[in-house]
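A short write-up of the structure that comes next.
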Amino acid sequence: MNAFWTTFVLLSGLLVVVLVGRLMWLNRPQAELRDVPPAPLERLGWIGLGITTAIGAGLLMLVVLVGTDFIDVNTTARLTFWVLMLVGFGIWGASWYVIKRRSGGVVVDERDRAILARSFSVESMIVLLMLVTWTIALTEAFSDEGVMPITYLQLIFWSTFIGGAFGRALGIVLGYRREIVVDA
Amino acid sequence: MPKANISNDIRRLRFEQGEMTQQDLANRAGCTRQTIIVLEKERYVPSLSLAFRISRVFDKTIEEVFEYSGEE
């Protein structure tokens with residue numbers, strides 16, 4: 001892996017940490033809401049945040065250790081990636097059934113649905129930011145050649161997919177830290 | 001968008017109705033306990049539908065449970 005991509009990966013990771021930290025700080029729970037136990041959907045959001053962070057870190061590790069073409073050329077790395085994806089998203093999905101079973105009564109109500117709907121804005125913002133970052137980075141890296149290896153298309157897709165899931169989980173967690181007004 | 005100032009007497013009404021728990025009220029009104037908690041703290045404005053359901057649990061009108069005092 002050359003210096004350009006190492007710098008790109010490190011700066012992108014740093015940017016994500018700074019942006020998420022800033023968002024969490026700006027949306028820290030108000031004093032009155034700090035002792036409210038987490039709603040079932042909020043628990044799912046926290047689990048998703050942890051799982052997507054782990055999968056994202058795993059993908060970054062594979063790119064750093066094996067290279068950007070690990071999906072095409074390295075069977076072990078490809079298998080590791082698929083296990084990471086299936087186990088990660090599988091646990092996230094299964095955890096919802098566990099949470100639903102443990103919670104008595106209504107699991108998702110109008111406030112949860114409003115938060116879920118608003119979380120889409122965080123997801124779309126992160127997806128857009130990732131696509132912009134990829135476009136700038138690939139243009140800078142391959143402007144001289146005029147062509148780019150096809151393996152980057154897979155990386156763009158999977159990183160955006162994981163980023164989108166991370167954004168949705170982040171949006172849910174942030175939603176519970178805000179005051180929601182429903183005008184329905 | 002203007003923010004509606006809506007206060008409520010849910011906590012008092014719960015205790016007047018035999019110390020009904022937040023979970024009981026949530027089950028009967030069809031929402032989560034967390035929503036009842038944030039409603040009591042007046043950090044959430046319910047939909048008209050939820051406001052009606054909560055009022056019916058207490059056998060009261062909406063105006064007896066919720067009070068609208070304009071927008072800020």
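The listed protein sequences derive, respectively, from chains A and B. Start counting the first sequence at 1; every next residue gets the next number (the numbering used here). Start counting the second sequence at 1; every next residue gets the next number (the numbering used here). Note that beta-carbon positions come from the ideal geometry of N, C-alpha and C, so glycine has one too.
- Per DSSP, PHE66(B) is one residue of the beta strand (DSSP E) stretching across 66–71.
- At a cut-off of 9 Å between beta carbons, PRO149(A) makes no contact with chain B.
- The CB of VAL106(A) comes closer than 8 Å to the CB of ALA26, ASN27, GLY30, CYS31, THR32 in chain B, given here in chain order.
- Under the DSSP assignment, GLU140(A) falls in the alpha helix (DSSP H) whose first and last residues are 110–142.
- Identification of chain B residues near ARG101(A) by a Cβ-Cβ cut-off of 7 Å yields none; the smallest Cβ-Cβ distance measures about 15 Å.
- TYR44, VAL45, PRO46, SER47, LEU48, SER49, LEU50: these are the residues of the stretch 44–63 of chain B whose beta carbon lies less than 8 Å from some beta carbon of chain A, given in chain order.
- Within the model, the alpha-carbon separation for ARG11(B) versus SER124(A) is close to 39 Å.
- Non-local beta-carbon contacts of VAL122(A) in its own chain, meaning distances under 6 Å to residues more than five positions away in sequence, involve GLY167, LEU170, GLY171 in chain order.
- By the Cβ-count criterion, GLY175(A) is buried, with 16 or more other Cβ atoms from all chains shown falling within 10 Å of its own Cβ.
- Listed by position along chain A, the residues whose Cβ is nearer than 8 Å to that of GLN23(B) are GLY104, GLY105.
- Straight across, the Cα-Cα distance linking ALA77(A) with ILE156(A) is about 17 Å.
- Between the beta-carbon of LEU33(A) and that of ARG43(B) there is about 6 Å, and that keeps the pair under the 8 Å contact cut.
- Per the C-alpha coordinates, the member of ILE6(B), TYR68(B), GLN34(B), LEU25(B) positioned closest to ASP59(B) is LEU25(B).
- Secondary structure note for PHE89(A): its alpha helix (DSSP H) is the uninterrupted segment 75–102.
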